[in-house]
Amino acid sequence: MVCKKNWGKRNWKLSWLMSQPGGRWRALALAGLILGAVVATTARAAELGGWQSSGALSGRLVAAVSAVGDLNPVPLGLHLRLQPGWKAYWRSPGDAGLPPTLDWSGSANFLEAKIAWPAPHRFTVFGIETFGYDSEVVLPLALAPAAPGQPLVLTAKADVLVCSDICVPETIRLALSVPAGLPQPSPEANLLARFAARVPGDGTAHGLTISAARLVGPAAAPELELEADAREPFQLPDLFVESEPPLAFGPPRLTLSPGGRHLRARLSSAEPAALAKLAGSILTITLVDEPRAAEVRLPLSVGGGSGWDRSKTETETGLMAMLAFALVGGLLLNLMPCVLPVLSLKLLSVLGLGGAGERQARLGFLASAAGIMASFLLLAGVLAGLRTAGAAVGWGIQFQQPWFLVFLIVVITLFACNLWGWFEIILPGVLADTAVAHGGGPTLAGHFLTGAFATLMATPCSAPFLGTAVGFALARGTGEIMAIFIALGLGMALPYLLVAAAPRLATRLPRPGRWMITLRRVLGGVLALTGLWLVGVLATSSSSTAALVVAALMAAGVALLALRRTWTDRPQRAALVGVGLLLAMAFVAPPLFGGIGERREPAETEPGWVAFAPEAIAGHVAAGRTVLVEITADWCVTCQVNKRLVLERGEVVRRVRAGVEAGKLVAMRADWTRPDQTIAAYLASFARYGVPFTAVYGPGLPQGLVLPELLSEGAVLTALSKASLRD
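Residues in the sequence shown are numbered consecutively from 25, following the numbering used here.
Written out as structure tokens, the structure reads:
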């Protein structure tokens with residue numbers, strides 16, 4: 025009745041209007057105005073968030089939230105639907121095609137919008153490889169408003185090339201308004217989240233790792249080789265490679281390990297000369313194995329083959345050769361500077377066997393060898409586990425962790441106090457012997473701990489052959505890691521095993537006497553200096569405040585141990601409890617004070633050296649410059665030896681300074697004291713996983729030449745001359 029009544033009133037008014045002079049035309053005009061308002065309102069409603077279509081394409085803008093709130097950026101999406109048989113393109117379309125673009129002209133409260141790209145599919149037609157999407161896709165948008173908290177009124181022109189048997193460029197005009205207010209999930213939030221989950225991350229969440237990108241084969245016709253690993257076996261993997269300048273690659277030829285967790289891929293290009301010029305540049309590699317994906321940026325190294333400057337790499341060398349390298353590298357590790365801090369324990373262990381029986385000497389050295397082997401097996405297990413979990417791994421990376429440094433500082437403090445006669449290290453259970461018996465020779469447990477501790481202290485060093493062997497192992501599976509580390513352990517334990525086979529070499533030493541008390545005190549001082557060095561490393565790895573707190577706690581513990589000798593039984597026991605509390609408190613210092621205090625400036629700010637930028641190397645080489653790259657760490661003693669004895673003295677430093685001042689040489693230094701994914705990826709591109717690392721690039725060495733772990737002045741000068749094309 026209400027509707028009829030209202031209609032009756034309107035009908036009476038319209039009749040009255042038509043009865044007036046010229047009323048018919050006035051009525052028609054009024055009806056036109058009403059119809060126009062209805063059409064405008066309908067169009068405006070369609071404009072704000074509705075679907076727009078053109079040919080085989082339909083699209084709309086969607087928001088994951090109902091209101092802007094204080095979000096910055098605001099999560100939006102470009103939702104595209106394609107008719108069956110049609111496709112749109114990824115950000116890198118492949119051999120043909122164009123990616124979708126958005127023009128935001130006319131939008132209000134708009135600053136910028138960044139597009140995220142879900143993992144693409146590969147389309148192969150008549151040998152043409154293209155990458156993109158079919159059926160449906162949402163491209164997540166991170167929109168930064170010019171005034172956060174204010175409403176968004178967005179208009180966008182989307183240009184999308186869609187292809188089937190033919191390609192048609194389509195344009196659709198879209199609009200969306202997002203009001204101010206408290207943000208709540210919108211009806212499209214789940215849709216956006218579903219496609220945002222398809223945007224590749226670094227692979228950690230899915231257990232995917234892309235470990236190497238290198239050129240292999242002859243220089244005239246190289247191929248790109250990629251390696252990747254997965255926590256769960258690969259199913260249908262695919263790889264997409266982006267370079268600068270862009271270069272098209274054919275479909276990857278895949279080789280999977282027996283367990284399906286290690287992948288090696290070869291990709292060829294129709295432009296081999298252009299591919300060869302990419303050496304040293306940064307590639308963006310996307311690995312897709314539905315529903316998981318990973319994306320990393322890796323420097324392109326040279327993997328070897330006839331015509332390349334670098335010799336055949338470890339990836340083309342058999343496992344047996346790598347085992348031999350590991351054996352020799354482990355043996356040479358005994359001579360590295362990193363082992364010198366524990367020379368006191370090794371020396372005291374040998375001297376304690378003077379005048380002992382051959383059986384006792386043999387068992388002592390076998391126990392030391394067992395300690396070395398146990399430590400290497402532990403390291404292998406930890407590295408294999410971290411690698412399977414998708415974490416960055418490397419030789420000596422445990423020294424990047426503040427808690428590990430605190431652990432070593434505590435152990436060294438206790439060993440030093442033991443050598444000074446203030447403390448006996450008591451082991452639980454079956455190891456309830458003293459590590460170094462007070463006033464006597466070491467027990468089997470003491471020999472075992474000496475070997476194990478020597479191994480831990482040796483890991484910051486990289487001996488000749490060791491880097492090659494470790495790189496081979498960490499680029500492969502758990503079996504290779506275990507085999508290589510067992511060979512490393514055998515190599516380092518070889519001197520102990522030789523003495524165990526001929527124990528008279530040790531039993532003919534002078535018998536222990538009072539002279540050993542003085543020697544123990546001196547060697548305890550050597551360990552104390554080692555502890556101070558580790559405190560300095562902790563200052564860089566965590567903070568100077570945390571390092572000072574740990575040093576103060578250690579000093580208080582040492583003072584308590586020194587004073588307790590003059591006290592009665594009950595105060596002595598109380599002092600031990602106090603020392604235990606002080607040592608436990610040291611482990612709390614890094615998380616409590618890690619962000620307090622001034623951190624030391626990184627090494628790249630040292631005079632003559634610039635920040636490490638692997639993506640800039642190719643540009644410097646193209647400009648005719650020589651590039652010297654050094655990767656170092658405060659915990660790497662060999663790195664410090666290389667700097668002090670080679671890189672910062674003599675003809676090398678004069679050549680580097682002259683080249684830098686003339687603009688003909690760039691010296692890059694990277695500090696790996698703390699974890700750094702860029703450095704780890706760069707090292708992995710050379711199948712290296714430890715420091716020291718030194719490489720030289722230039723017009724004569726565009727792919728780079730990796731120098732030995734132990735540098736010499738002649739090796740560095742020769743590489744610089746070759747890189748700059750000097751005779």
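C-beta atoms are modelled at their ideal positions from N, C-alpha and C, and glycine is treated no differently.
Check whether serine 325 and arginine 238 have beta carbons under 8 Å apart: Walking along the sequence shown from the start, residue 325 turns up at place 301. Walking along the sequence shown from the start, residue 238 turns up at place 214. Yes, the Cβ-Cβ distance between serine 325 and arginine 238 is below 8 Å.
At least 3 beta-carbon pairs within less than 8 Å: the region 227–238 vs the region 248–266: yes
Every unbroken beta strand (DSSP E) within the region 67–153, with a cutoff of 3 residues, ordered by chain: 76–78, 81–87, 98–106, 111–118, 125–127, 136–139 and 145–149
Alpha-carbon to alpha-carbon, phenylalanine 155 and leucine 429: Taking the first residue of the sequence shown as position 1, residue 429 is located at position 405. Taking the first residue of the sequence shown as position 1, residue 155 is located at position 131. Looking at the two C-alpha atoms, the distance is approximately 48 Å.
Buried versus exposed call for serine 159 [16 or more other C-beta atoms within 10 Å across all chains shown]: Taking the sequence shown and counting its residues from 1, one reaches residue 159 at position 135. That one is exposed.
Per DSSP, the bridge partner or partners of phenylalanine 155: For the purposes of this step, residue 155 is taken as residue 131 along the sequence shown, with counting starting at 1. Phenylalanine 155 pairs with Arg146.
C-alpha distance - histidine 145 paired with tryptophan 114, whole-angstrom precision: As a working note, residue 145 is residue 121 in the sequence shown. As a working note, residue 114 is residue 90 in the sequence shown. Straight-line Cα distance between these residues: approximately 9 Å.
Collapsed DSSP secondary structure at leucine 455 in the structure displayed: Taking the first residue of the sequence shown as 1, we reach residue 455 at position 431. Note that leucine 455 scores a pLDDT of 39, beneath 50, so its modelled location is shaky; the value from the coordinates is reported in the next line. The answer is helix: DSSP assigns leucine 455 an H, G or I state.
Touch test, the region 731–749 against the region 266–273, Cβ-Cβ under 8 Å, three pairs minimum: no
Alpha-carbon spacing of alanine 213 relative to glycine 581, whole angstroms: Within the sequence shown, residue 213 is the residue found at index 189, counting from 1. Within the sequence shown, residue 581 is the residue found at index 557, counting from 1. Distance between the alpha carbons of alanine 213 and glycine 581: 57 Å.
Residue environment, threonine 479, which counts as buried when at least 16 other CB atoms sit within 10 Å: Within the sequence shown, the letter at position 455 stands for residue 479. Result: buried.
Cβ neighbour criterion (16 or more within 10 Å) applied to glycine 453: Here residue 453 refers to the residue found at position 429 of the sequence shown. Summary for glycine 453: the model assigns pLDDT 41, below 50, so the residue's position carries little reliability; its value from the coordinates is reported in the next sentence. Its Cβ having fewer than 16 others within 10 Å, glycine 453 is exposed.
Pairwise C-alpha distance: glycine 722 and glutamate 733: The sequence position of residue 733 within the sequence shown is 709, counting from 1. The sequence position of residue 722 within the sequence shown is 698, counting from 1. Glutamate 733 and glycine 722: Cα-Cα distance of roughly 20 Å.
Distance, leucine 553 Cα to alanine 579 Cα: As a first step, residue 579 is located in the sequence shown; it is residue number 555 there, counting from the start. As a first step, residue 553 is located in the sequence shown; it is residue number 529 there, counting from the start. If I take the Cα positions, the gap works out to 13 Å.
Anticipated Cβ contact below 8 Å, threonine 483 with tryptophan 557, distance rounded: Here residue 483 refers to the residue found at position 459 when the sequence shown is read from its first residue. Here residue 557 refers to the residue found at position 533 when the sequence shown is read from its first residue. With a Cβ gap of about 15 Å, threonine 483 and tryptophan 557 do not count as contacting.
Nearest to proline 257 (by Cα), restricted to the options Ala244, Ala217 and Glu314: What you label residue 257 is simply residue 233 of the sequence shown in a count that begins at 1. Comparing Cα positions, the closest option is Glu314.
Residue of Ser736, Ala635 and Cys660 minimising C-alpha distance to valine 690: Within the sequence shown, numbered from 1, the residue matching residue 690 stands at position 666. Considering only alpha carbons, the answer is Ala635.
Residues of its chain near leucine 633, where Cβ-Cβ distance is below 6 Å and the 5 sequence neighbours each way are ignored: Counting from one through the sequence shown, the residue named residue 633 turns up at place 609. With the sequence shown as reference, residue 633 is identified as tryptophan, and leucine is not the correct amino acid for it. These residues qualify, in order along the chain: Ala691 and Arg693.
Of the residues Ile152, Thr718 and Gln384, the one placed nearest alanine 759, counting alpha carbons only: Here the chain covers residues 25 to 751 and nothing more, so residue 759 does not appear.
Exposure of proline 615, with buried meaning 16 or more beta-carbon neighbours within 10 Å: Here residue 615 refers to the residue found at position 591 of the sequence shown. Exposed, by the Cβ-count rule.
Valine 715: first and last residue of the uninterrupted beta strand (DSSP E) it sits in: Translated into positions along the sequence shown, residue 715 becomes position 691. Careful: valine 715 lies outside any beta strand (DSSP E) and carries neither H nor E.
Check whether alanine 22 and leucine 577 have beta carbons under 8 Å apart: Here the chain has residues from 25 to 751 only, and residue 22 is not among them.
CA-to-CA distance, phenylalanine 389 to leucine 607, given in whole angstroms: Position 583 of the sequence shown, counting from 1, holds the residue named residue 607. Position 365 of the sequence shown, counting from 1, holds the residue named residue 389. In a straight line, the C-alpha of leucine 607 is about 31 Å away from that of phenylalanine 389.
Straight-line gap, glycine 353 to glutamine 259 (C-alpha atoms, nearest Å): Here residue 353 corresponds to residue number 329 of the sequence shown, with the count starting at 1. Here residue 259 corresponds to residue number 235 of the sequence shown, with the count starting at 1. So the alpha carbons of these two residues sit roughly 37 Å apart.
Three-state secondary structure assigned by DSSP to alanine 524: As a position in the sequence shown, residue 524 is number 500, starting the count at 1. DSSP places alanine 524 in helix when its eight states are reduced to three.
CB-CB length for methionine 516 against leucine 357, believed under 8 Å: For the purposes of this step, residue 516 is taken as the residue at position 492 of the sequence shown. For the purposes of this step, residue 357 is taken as the residue at position 333 of the sequence shown. Going by Cβ atoms, the distance from methionine 516 to leucine 357 rounds to 5 Å, so yes, they are a contact pair.
Alpha carbon of isoleucine 641 to alpha carbon of alanine 583, nearest angstrom: Sequence index remark: in the sequence shown, residue 641 carries index 617 (1-based). Sequence index remark: in the sequence shown, residue 583 carries index 559 (1-based). Spanning the two alpha carbons is a distance of roughly 53 Å.
Three-way DSSP call (helix, strand, coil) for leucine 271 in this model: Against the sequence shown, residue 271 aligns to sequence position 247. The answer is coil: DSSP assigns leucine 271 none of H, G, I, E or B.
Rounded separation between tyrosine 713 and valine 494 - CA only: As a working mapping, residue 713 is identified with position 689 in the sequence shown. As a working mapping, residue 494 is identified with position 470 in the sequence shown. Cα to Cα, the separation comes out at about 7 Å.
Contact under 8 Å by Cβ, threonine 718 with tryptophan 659: Along the sequence shown, one-based indexing puts residue 718 at 694. Along the sequence shown, one-based indexing puts residue 659 at 635. Going by C-beta atoms, threonine 718 is not nearer than 8 Å to tryptophan 659.
CB contact flag (leucine 167, glycine 93, <8 Å): Taking the first residue of the sequence shown as 1, we reach residue 167 at position 143. Taking the first residue of the sequence shown as 1, we reach residue 93 at position 69. For leucine 167 and glycine 93, no; Cβs fall outside 8 Å.
Burial state of alanine 686 (16 or more Cβ within 10 Å): By one-based count along the sequence shown, residue 686 stands at place 662. Classification for alanine 686: exposed.
CB contact flag (glycine 548, threonine 437, <8 Å): Translated into the one-based positions of the sequence shown, residue 548 becomes position 524. Translated into the one-based positions of the sequence shown, residue 437 becomes position 413. Cβ distance not < 8 Å, so glycine 548 and threonine 437 don't count as in contact.
Exposed unless 16 or more other CB atoms sit within 10 angstroms - verdict on threonine 65: Taking the first residue of the sequence shown as 1, we reach residue 65 at position 41. Residue placement at threonine 65 is poorly supported in this model, since its pLDDT is 36, which falls under 50; the coordinates are not used for a value here.
Rounded separation between threonine 279 and valine 161 - CA only: Taking the sequence shown and counting its residues from 1, one reaches residue 279 at position 255. Taking the sequence shown and counting its residues from 1, one reaches residue 161 at position 137. Their backbone Cα atoms lie some 31 Å apart in a straight line.
Distance CB(histidine 471)-CB(glycine 395) smaller than 8 Å: The sequence position of residue 471 within the sequence shown is 447, counting from 1. The sequence position of residue 395 within the sequence shown is 371, counting from 1. It is a contact, given that the beta carbons lie within the stated cut-off.
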